[in-house]
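Engineer: Got a structure for you, written out below as structure tokens; questions coming shortly.
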Amino acid sequence: MAKELKNLTKRAENYSQWYNELVVKADLAEQSAVRGCMVIKPYGYAIWEKMQRELDNMFKETGVQNAYFPLLIPKSFLSKEADHVEGFAKECAVVTHYRLMNDPNGNGVVVDPAARLEEELIIRPTSETIIWNTYRNWINSYRDLPLLVNQWANVFRWEMRTRLFLRTAEFLWQEGHTAHATKEEAQDKAIEMLNVYADFAEKYMALPVVKGVKTANERFAGALETYTIEAMMQDGKALQSGTSHFLGQNFAKAFDVKFINNQNELEYVWATSWGVSTRLMGALIMTHSDDNGLVLPPHLAPIQVVIVPVYKTADQLGDIDKVVTPIVAKLKGMGISVKYDNADNKRPGFKFADYELKGVPVRLVLGARDIEAGTVEVMRRDTLEKQSVALNGVEEYVAKLLEEIQQNIFNKALRHREKMTYKVDTWDEFKQQIEKGGFILAHWDGTTETEEKIKEETKATIRCIPMDGEDEPGKCIYTGKPSARRVIFARNY
């Protein structure tokens, strides 16, 4: 067994340490020289690329087009929407000068004091302000609407406590920004994009999610409504995995974006924004992986099938090569990503452990005896079960197995969430249950004051008001005041 695998902390011993070690040992990412920032390594980036590709296709099916906007935002732009600037002010990195110079004392380079900017620039924490300043030039008439734009970019938010993928100062994401002629159209778009995120999470990430509405206290800065998908990790904590915001006319008014409607009247446009980030990588790891390493859903695995030959002589390898070559070609022709690892610088045992660690969904092992018997050993990563399968037709078997694995790991995650979802009706019950983790369905009186007190006393937040929940009159667990329905509380990442 590979040394990296033997040294991986067990989840039951220290879940947080297990996660941190796995990200590094599985070659996904590592810390960079800049505090709070990460280097995403090729294997990790390959997973992100597959996520990006699938999401991008889904966006485009809804009429969205990609564009790109500047990294730097004039400071004055952030002052135009009061709630927005208040929400991000403490996280912004500020550019004050535009030039360096050699230190006259010979100590390397220093900032040239004569090169101070007339107006400071902000490294984007998000792009609403600069995009809406741009939209003012693009939108004049109802014929210019709806305007459906997305950008794939990096953003920067100062973070004191960072963790690879889950919370870093700089991260990769997509941010969609749409403009509409009516309130109803904008609201519908915000919900449509939330549904896109939920479909992606469940069909590609094998990640069951709850769709809901954020409380006023948890809304995006500047939004009238924030919709969210919430997922449960193996340790029972929640992870916000995607958000979509109905912005109303706040940014249109802040940046004076008006249009002439079909009655020849001038009015402000209605807006949405929505985004997911490399935080999804963290969700993928924490939802499915085990003490042997990553468990990747086949729909997002960079390598879906690995084939490892077992041989003693060059002649045996040559015979195996002849059998494997058409299998590889057929699998690729079926749209399956496959790697034939016949490199002679690592032993088969090391390769087995390494590909388990990296979460490759299916492993085929073929030796001289297998060829004689007309069989191949197939191992599935989700259960680690091995089976001898006929070489004839193995490609179809593998294709079917990949879909079975995809569904199995979704079902496993769903069962885990259902097992760790609880209804509680008293404050004592709540305090006891929150220590065990999971989603707690409880009544809340609807006030920010109560929400803050519960958070202060238990570190639990309202993750969302479920969109598919039903009215169920009750009493707030904290104040005893009337409540129309239950909300989801949890501790979160």
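Going by the working numbering, 403 is the number at position 56 of the sequence shown; the sequence numbering is gapless.
Here a beta-carbon is modelled for each residue, glycine too, at the ideal position from N, C-alpha and C.
(1) Report yes if the C-beta distance between A621 and M540 is below 9 Å; otherwise report no.
(2) What span of residues does the beta strand (DSSP E) with P656 cover, start to end?
(3) In this structure, how does DSSP classify M681 when only helix, strand and coil are distinguished?
(4) Could you give the residue range of the alpha helix (DSSP H) that holds I801?
(5) Apply the 10 Å Cβ neighbour rule to Y825 and answer buried if 16 or more other Cβ atoms are within range, or exposed otherwise.
(6) Report the three-state DSSP secondary structure of R504 (helix, strand or coil).
(7) Please list, in chain order, all residues of the same chain as L468 whose beta carbon is under 8 Å from its beta carbon, the five residues on each side excluded.
(8) For the beta strand (DSSP E) containing Y574, list its first residue and its last residue.
(9) How about the segment 360-373 and the segment 472-486: do they share at least three Cβ pairs that are nearer than 8 Å?
(10) Mind checking R400: buried by the 16 CB within 10 Å criterion, or exposed?
(11) Do you know how far the Cα of Y362 is from the Cα of D668?
(12) If we ignore side chains and look at the alpha-carbon of each, how far apart do K530 and K770 end up?
(13) Under 8 Å: do the segment 619-637 and the segment 684-696 share three or more Cβ pairs, one atom per stretch?
(14) Quick one: is S735 buried, meaning 16 or more other Cβ sit within 10 Å of its Cβ, or exposed?
(15) What residue from N452, V671, Q780 has the CA that sits closest to D772's CA?
(16) Quick check on the DSSP output: the alpha helix (DSSP H) that includes N449 runs from which residue to which?
(17) According to DSSP, D854 sits in a beta bridge with which residue or residues?
(18) Is M859 near K561, with beta carbons less than 9 Å apart?
(19) Rounded to whole angstroms, what's the CA-CA distance from R810 to A789? Just pull it up for me.
(20) Whose CA, out of D701, E819, Y544, E782, lies closest to the CA of N639?
(21) Here's the rule I'm using: 16 or more other beta-carbon atoms within 10 Å means buried, otherwise exposed. How should Q412 be labelled?
(22) Give the single residue among N839, E428, A553 whose Cα lies nearest to the Cα of A760.
(23) Does the segment 639-659 touch the segment 711-718, meaning 3 or more C-beta pairs lie closer than 8 Å?
(24) Taking its Cβ as the centre, do 16 or more other Cβ atoms sit within 10 Å of L731, making it buried, or is it exposed?
(25) Hey, out of A618, T672, L647, whose CA is closest to V496's CA?
(26) Please report the distance separating the alpha-carbon of R358 from that of D637.
(27) For V671, which residues from the same chain have a beta carbon less than 6 Å from its beta carbon, with the 5 sequence-adjacent residues on both sides left out?
(28) Enumerated in chain order, which unbroken segments of the beta strand (DSSP E) with a length of 3 residues or greater are wholly contained in the segment 673-735?
(29) Three or more C-beta pairs under 8 Å: does that hold for the segment 565-573 against the segment 425-445?
Structural biologist: With the given structure in hand:
(1) Numbered from 1 along the sequence shown, position 274 holds the residue referred to as residue 621. Numbered from 1 along the sequence shown, position 193 holds the residue referred to as residue 540. At residue 621 the sequence reads Trp, which differs from the Ala that was named. Yes; because the gap between Cβ atoms is below 9 Å, this pair is in contact.
(2) Residue mapping note: residue 656 aligns to position 309 of the sequence shown, counting from 1. Looking at the DSSP string, the run of the beta strand (DSSP E) that includes P656 is 652-657.
(3) As a working note, residue 681 is residue 334 in the sequence shown. Coil at M681, not helix or strand.
(4) Reading the sequence shown from its first residue, position 454 is the one you call residue 801. Counting along the chain, the alpha helix (DSSP H) containing I801 begins and ends at 795-805.
(5) Counting from 1 along the sequence shown, the entry for residue 825 is found at position 478. So Y825 counts as buried.
(6) Taking the first residue of the sequence shown as 1, we reach residue 504 at position 157. DSSP places R504 in coil when its eight states are reduced to three.
(7) As a first step, residue 468 must be located in the sequence shown, where it is residue number 121. If we look at L468 and ignore the five residues flanking it on each side, its Cβ neighbours are L419, I420, P421, K422, V441, V442.
(8) As a position in the sequence shown, residue 574 is number 227, starting the count at 1. Here the beta strand (DSSP E) through Y574 covers 572-579.
(9) no
(10) In the sequence shown, counting from the first residue as 1, residue 400 sits at position 53. Result: exposed.
(11) Position 321 of the sequence shown holds residue 668. Position 15 of the sequence shown holds residue 362. Going by the C-alpha atoms only, they are around 41 Å apart.
(12) Mapped onto the sequence shown, residue 530 falls at position 183. Mapped onto the sequence shown, residue 770 falls at position 423. One C-alpha to the other measures close to 35 Å.
(13) no
(14) For the purposes of this step, residue 735 is taken as the residue at position 388 of the sequence shown. That one is exposed.
(15) Taking the first residue of the sequence shown as 1, we reach residue 772 at position 425. With distances taken between Cα atoms, D772 lies closest to Q780.
(16) Residue mapping note: residue 449 aligns to position 102 of the sequence shown, counting from 1. Per DSSP, N449 belongs to no alpha helix (DSSP H); it is in the beta strand (DSSP E), 447-449.
(17) Any property of residue 854 remains undetermined from this structure, which presents the chain solely from 348 to 840.
(18) Because the chain is modelled from 348 through 840, residue 859 falls outside the range shown and cannot be assessed.
(19) Along the sequence shown, read from residue 1 onward, the residue named residue 810 stands at position 463. Along the sequence shown, read from residue 1 onward, the residue named residue 789 stands at position 442. Each residue's Cα considered, the two are about 12 Å apart.
(20) As a working mapping, residue 639 is identified with position 292 in the sequence shown. N639 has its Cα closest to that of D701, out of D701, E819, Y544, E782.
(21) Taking the first residue of the sequence shown as 1, we reach residue 412 at position 65. Counting Cβ neighbours within 10 Å, Q412 comes out exposed, since fewer than 16 surround it.
(22) The residue given as residue 760 occupies position 413 in the sequence shown. Minimum Cα distance to A760 is reached at A553.
(23) yes
(24) Stepping through the sequence shown from its first residue, residue 731 is reached at position 384. Per the 10 Å Cβ criterion, exposed.
(25) Translated into the one-based positions of the sequence shown, residue 496 becomes position 149. That would be A618, whose Cα lies nearest to the Cα of V496.
(26) Against the sequence shown, residue 358 aligns to sequence position 11. Against the sequence shown, residue 637 aligns to sequence position 290. Whole-angstrom Cα-Cα distance: 7 Å.
(27) The residue given as residue 671 occupies position 324 in the sequence shown. Answer for V671: I654, Y687, listed in chain order.
(28) 685-687, 709-714, 722-727
(29) yes
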